[in-house]
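Chemist: Before I ask anything, here is the structure I am working with.
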Amino acid sequence: MKDTLAHLKRGERAIITDVSSNAIPLKLLEMGCLPGNSVELVQVAPFQDPMYLNINGSHLAIRKETASHILIEKVTNG
């Protein structure tokens, strides 16, 4: 099973590896949600949706449904 943004836990970092799904709005791509960019989960809303992310210094909130279409590779600390 591949990891997606929806699998991140608070404080975890990852690198975006693929955003080829048609379910991803163009606006997210324009805001830096592109392969190779680093992402960190900053906070999650009370009912786990939306997710508040830091993508290469830009802060944005996306729905968990959308996050499940963005593939990542987690970055280990160490």
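Take the sequence shown: its position 62, counting from 1, is numbered 62 in the UniProt record's numbering, and each next residue is one higher.
Yeah, the Cβ is synthetic: ideal placement off N, Cα and C, and Gly gets one too.
1. Alpha helix (DSSP H) containing E30: first to last residue?
2. Starting from the Cα of I55, find the closest Cα among T66, R10, A14, K9 and give me that residue.
3. Would you kindly work out how many angstroms separate the C-alpha atoms of R63 and K2, rounded to a whole number?
4. With DSSP as the reference, identify every bridge partner of E73, one or two as the case may be.
5. If we count the other Cβ atoms within 10 Å of its Cβ and call it buried at 16 or more, is L53 buried or exposed?
6. From this set, F47, E73, T66, P50, which residue's C-alpha is nearest P25's C-alpha?
7. If you drop the 5 nearest sequence neighbours on each side, which residues of the same chain put their C-beta closer than 7 Å to that of A23?
Modeler: Let me spell this out:
1. Counting along the chain, the alpha helix (DSSP H) containing E30 begins and ends at 26 to 30.
2. Of the candidates T66, R10, A14, K9, A14 places its Cα closest to the Cα of I55.
3. The C-alpha of K2 is placed about 19 Å away from the C-alpha of R63.
4. Its beta-bridge partners are I15.
5. Flag for L53 reads buried.
6. The residue with the shortest Cα to Cα distance from P25 is T66.
7. Excluding residues up to 5 positions away in sequence, T66, H69 lie with their Cβ nearer than 7 Å to the Cβ of A23 in the same chain.
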